[in-house]
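Colleague:
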Amino acid sequence: MVKPVIVEELVKKYRMKRGEVKALNGISFSVEKGEVFGIIGPDGAGKTSLFRILNTLLLADQGRATVNGYDTVGEYKKIRQCIGYMPGRFSLYQDLSVRENLEFFAAIFNADIQENYLLIKDIYTQIEPFRDRRAGQLSGGMKQKLALCCALIHQPEILFLDEPTTGVDAVSRKEFWEMLHRLKERGITILVSTSYMDEAGLCDRVALLQKGNILSIDTPEGIRGRFGKAVWAVRASEMFRLLNELKGDPSVESCYPFGQYHHVVLKAPLAGETDLRGIMDRERYAEAEVRPISPTIEDCFMALMKE
Amino acid sequence: MKQFLIFVRKEWYHIWRDKRTLLILIGMPIIQIVLYGFALTNEIKNSRIAVLDESHDPSTLALIQKIDASRYFEITRMLHSPADVEAVFRQGRTRLVIIFPLGFRGDLLHGHRAQVQLVADASDPNTANMLTNYAEAIINDYQQSLNGDQALPYQISTQIRMLYNPELKGAYNFVPGVLALVLMLVCAMMTSMSIVREKEMGSMEVILVSPLKPFRIIIAKTIPYLLVSLLNIVCILVLSVYALEVPIRGSLWLLIGESMLFTITSLSVGLLISNSAKTQQTAMFTSMMSLFLPTLLFSGFLFPVENMPLPLRVVSNVVPAKWYYIIVKSVMIKGLGPAAVWKETLILTGMTLVLLGISIRNFKIRLA
Amino acid sequence: MVITARDLTKRFGAFVAVDAISFEVRKGEIFGFLGANGAGKTTAMRMLCGLSLPSSGQATVAGYDVYRQTEQIKRSIGYMSQKFSLYEDLTVRENIRFYAGIYQLSDARIREKTAKLLQQLHMEEQEKSLVRSLPLGWKQKLAFAIAIVHDPAIVFLDEPTGGVDPMMRKEFWSTIYEASDRGITIFVTTHYMDEAEYCHRVSIMVDGRIEALDSPGRLMKRYAAGSMDDVFLQLARKASRTGA
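Quick note, the sequences are listed as chains A, B and C, same order.
Read in the numbering used here, the first sequence has 38 at position 38, and its numbers run on one by one without any break.
Just so we're on the same page, the numbering used here is the position in the second sequence counted from 1, plus 307.
Just so we're on the same page, the numbering used here is the position in the third sequence counted from 1, plus 675.
(1) Who are the near neighbours of ASP275/A in its chain, counting only those whose CB is closer than 7 Å to its CB and skipping five residues on each side?
(2) Residues of chain A with CB under 8 Å from PHE314/B, in chain order?
(3) Run down chain A in chain order and give the residues with a C-beta less than 8 Å from the C-beta of GLN310/B.
(4) May I ask you to report which of helix, strand or coil DSSP gives LEU481/B?
(5) With distances taken Cα to Cα, identify the nearest neighbour of GLY703/C among LEU888/C, VAL906/C and HIS875/C.
(6) Return the Cβ separation of MET755/C and PHE708/C in integer angstroms, given the expectation that the two are a contact with Cβ distance under 8 Å.
(7) Quick one: residues in its chain with C-beta nearer than 6 Å to the C-beta of GLY69/A, no 5 flanking neighbours on either side, listed in chain order?
(8) Helix or strand or just coil, what does DSSP make of PRO269/A?
(9) Can you confirm whether ALA233/A, when its beta carbon is compared against all beta carbons of chain C, has any partner nearer than 9 Å?
(10) Kindly indicate if chain A contains any beta-carbon less than 9 Å away from that of LYS528/B.
(11) Whole angstroms are fine: how far does the CA of LYS629/B sit from the CA of LYS143/A?
(12) Does GLN451/B come out as helix, strand or coil in the three-state DSSP assignment?
(13) Taking TYR852/C as the query, report the chain A residues whose CB atoms sit under 8 Å from its CB, ordered along the chain.
(14) So, do the stretch 827-839 of chain C and the stretch 798-805 of chain C have three or more beta carbon pairs nearer to each other than 8 Å?
(15) What are the residues in the stretch 51-79 of chain A lying within 9 Å of chain C by C-beta distance?
(16) Classify THR439/B as buried or exposed, calling it buried when 16 or more other Cβ atoms lie within 10 Å of its own Cβ.
(17) How about THR860/C and ALA822/C: do their beta carbons lie closer than 9 Å?
(18) When the distance is taken between beta carbons, is LEU805/C closer than 9 Å to LEU817/C?
(19) Starting from the Cα of ARG893/C, find the closest Cα among ASP882/C, LYS913/C, VAL881/C and GLU872/C and give me that residue.
(20) Using a Cβ-Cβ distance under 9 Å, would SER195/A count as near chain B?
(21) Keeping to the same chain, check which residues put their C-beta closer than 8 Å to that of SER97/A; ignore five residues upstream and five downstream.
(22) Of all the options GLY557/B, PHE592/B, ALA369/B and THR589/B, which has the alpha carbon lying nearest to the alpha carbon of MET448/B?
(23) Hey, is ALA45/A's beta-carbon within less than 9 Å of any beta-carbon in chain C?
(24) DSSP on TYR898/C, reduced to helix/strand/coil?
(25) Taking a Cβ distance cut-off of 8 Å, strictly less, list which residues of the stretch 820-851 of chain C are near chain A, in chain order.
(26) How many whole angstroms separate the CB atoms of ILE542/B and PRO336/B, which I take to be in contact at a CB cut-off of 8 Å?
(27) Is DSSP giving LEU386/B helix, strand or coil here?
(28) Apply the 10 Å Cβ neighbour rule to GLN260/A and answer buried if 16 or more other Cβ atoms are within range, or exposed otherwise.
(29) So GLY679/B contacts chain A; which residues on that side make the cut at Cβ distance below 7 Å?
(30) Restricting to Cα atoms, I'd like to know which of LYS309/B, LEU533/B, LEU409/B and VAL516/B is closest to ILE696/B.
(31) Can you give me the C-alpha to C-alpha distance between MET658/B and PRO645/B, rounded to a whole angstrom?
(32) How big is the Cα-Cα spacing for VAL318/A and LEU180/A?
(33) Hey, is the stretch 758-776 of chain C in contact with the stretch 734-743 of chain C, meaning 3+ C-beta pairs nearer than 8 Å?
(34) Could I get the ranges of all uninterrupted beta strand (DSSP E) runs contained in the stretch 722-802 of chain C, with 3 residues as the minimum, in chain order?
(35) Leaving out the 5 sequence neighbours to the left and right, which residues in its chain are closer than 6 Å to ILE406/B when beta-carbon positions are compared?
(36) Inspect the beta-carbon positions of THR735/C and THR679/C and report whether they are closer than 9 Å.
Written out as structure tokens, the structure is:
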């Protein structure tokens, strides 16, 4: 069976006033049927360029890609029949009501709302109370749900979601991911991009993208498992002094602030808690706390960035 | 088909719900027509005129008194030589000079035929026209009172000279001009802006990804503006007939047909602009610079094209509004039929096909 | 106390956007002000910045009253929003100059500040580049540095670090820690919980009221949650405002 998405050595350059910018630097990957595949990377990593190439909206400079077995250049019309796409900014018509937006997107994809209602029912019932409200007056979370309904109304086989959770609050984000997992159970392949590292864990597999290069592709557990070094969460009463202290210490490989704790990786493989405690006692930190943790995707991303 | 209709309906919602723009679209032509109409048809009272009487005889004196007595005129200067005529106009304020040549009474009584010359400042063409009409009426009146039942009538022929704007462009010429301007503006600017807005918002991405054919996207986006334009044409024509009393002398259907053709020309220009513009602002300014100004300058409704230097005359030929303006003038004002305008129509059709062809071919099926 | 609020309330007609909130923020504290869309964060922050008059209740910011001394308040606060407060078509130096000028710093002081700021940000070479050409993370750091160019008592940050890469984000928070170390109070509004965990204390607003206020660690313990995300979800799910 053909894989829903195959990307081979894809290169995309943008010509700027001063030279070229490479948005994609020869990346390759493939997506299995029915999986939620995450493209994780910060702004400017190349996520949107990649999505637009796969959606046949942009031409790559080199390399090739197929979606559902169709070539993104030669067979773009066939691809446009079988995908659903939600661009980064929810592309709803602000001056149209919820209902009118849905009808419009159903119509241009030649879809019948009644026939496909089952697929969007879960999501649509949440926004149905507001069906006569203009899309411009919905909250971020509601807009996102409506945009998802509009992208799903023609029962696409593959769903492309470009940063669907940007600018949406935590509750809506959580609900959104729950919806994606229900869609996955219906056999829809989902490609989703995000700049939130913590969303990586919600995908089946992720590609970490940075400056047009893939740093790593694996399951979230696989990526974290390959980190290979012990990570220590450290805290004390004076966090800023502690940060500078540890960053400057010759035995410390890296130290980054992570919310309530600093995450520390030590140079010597066997060094550990006693070494860190030693530093903190020497410099007289109050309320010192050290504990081993498993690395987060963010730890992995930064370690990979440095390589 | 349903796909297409829903698209058109959506466009209609955009127009209908943006009340401010809608008001401008419908209100602008009305305001323009009314404003210009009233500015041009202001009633004339006590206009300052001057008289050059080279004859100084009882007949000329009687006529001068009659003219001065009318509420339209006030004789403010008596001139002494033909050289004064130019000077008095240059001073401004004087709108009309009436010149009686030497031996007026003699010509009238013995030759039964005398001449009066009316020289008007036609830089305000409408006023000049009216003033000469009034003066002619007064002179005719005098002539009739002289004649009574005479077998051989006395004839005073008036000779009119318009200074500064010999073609007397005015209200009659204004209506075709406003038509051309409004259609250009509504169709080209609004269409280009509405397409570019979708690009800016990102909805164009989804529409492109849909199975909808580009050709249909274009048609669906333009139809509502076609309707708005039709509404505008009707508004302008009704106003010009009933408020400005500019009659439609030729066929109404021919006029509307030609206007629809020009609408399509303007729509294709709008499409062409939207192909390259990335923001609504760019679209607006491009429309303004490439359409509004040329229409104003080169269509011939503000400045006579034939008086322009050759290079500008050549340029004026590629401005679609010029041809439309000629057509409307011929059909509406002169009352000519299809036989008189087929050449211009053909040129306009050719331009439309080329523009439409280019914009459809260039319509991007992708983003970059 | 740099900020005190007692029963601060804002009504729009019958709708109570901010419902009698009370809290205090200490000097040098990094205070997270959290809430879902529509919970009333922005309205509350506008009152504290002197942009909107409260309907009732009291509040002081940097010792000034929010009813009568809004001009003094504006002079003693800095502001940075996620939609950059920088001008993309001005250079780095021009942006610094502009904002320093707004706060009426003397020319000598502006020169001195600009040099120091460029050096701290390691942006000496970029001083003549347009802000547009800078990477997102640099813009954020520059925006923050400019927000505190007039040494305000408090700086308000509106969702400051969305979208940047993790490395840049860590650097950004390091500069925030540094500012806090220098005694500048940081008031962060955000709905990203991972940002919340960097704060000394956070308040969580639900339907116009402050439902919880404590350090992230203690909140997680109290709600038996593994992360601030969980704490927030437990509280925000109680919300009756749909946010639509």
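Where a beta carbon is used, it is the ideal one built from N, C-alpha and C, also for glycine.
Here the structure is a predicted model, which is why all the values come from computation and not from measurement.
Modeller: Let me lay it out:
(1) SER251 and LEU266
(2) PHE104, ALA107 and ILE108
(3) Among the residues of chain A, those whose CB is under 8 Å from the CB of GLN310/B are ALA107, ILE108 and ASN110, following chain order.
(4) Residue identity check: residue 481/B is Phe in the sequence provided, not Leu. In this structure, PHE481/B counts as helix in the three-state DSSP scheme.
(5) HIS875/C
(6) At roughly 14 Å, the Cβ-Cβ gap does not stay under 8 Å, so MET755/C and PHE708/C are not in contact.
(7) Around GLY69/A: VAL2.
(8) Here PRO269/A carries a coil assignment [DSSP, helix/strand/coil].
(9) Contacts with chain C at 9 Å (Cβ-Cβ) do not include ALA233/A.
(10) no
(11) 48 Å
(12) helix
(13) MET239, PHE240, LEU243 and PRO257
(14) no
(15) Correct list: empty, as no residue qualifies.
(16) That one is buried.
(17) no
(18) no
(19) GLU872/C
(20) no
(21) Listed in chain order, the non-local C-beta contacts of SER97/A below 8 Å within the same chain comprise ARG131, ASP132, ARG133, ARG134 and ALA135, local neighbours out to five positions each way being set aside.
(22) Note on residue identity: the sequence assigns Asp, not Met, to residue 448/B. Taking only the C-alpha atoms, the option nearest ASP448/B is ALA369/B.
(23) yes
(24) coil
(25) GLY837, GLY838, VAL839, ASP840, PRO841, MET842, MET843, LYS845, TRP848 and SER849
(26) Looking at the sequence itself, residue 542/B is Cys, so the reference to Ile does not match. The Cβ separation is near 6 Å, so the contact holds.
(27) strand
(28) Buried is the label assigned to GLN260/A, since at least 16 other Cβ atoms lie within 10 Å of its Cβ.
(29) It is not possible to answer for residue 679/B, since the shown part of chain B is limited to 308 through 675.
(30) Here chain B comprises residues numbered 308 to 675, so residue 696/B is not present and cannot be evaluated.
(31) 19 Å
(32) Absent from the structure is residue 318/A, since the part of chain A shown begins at 1 and ends at 307.
(33) no
(34) 731-736 and 752-756
(35) LEU359 and GLN424
(36) yes
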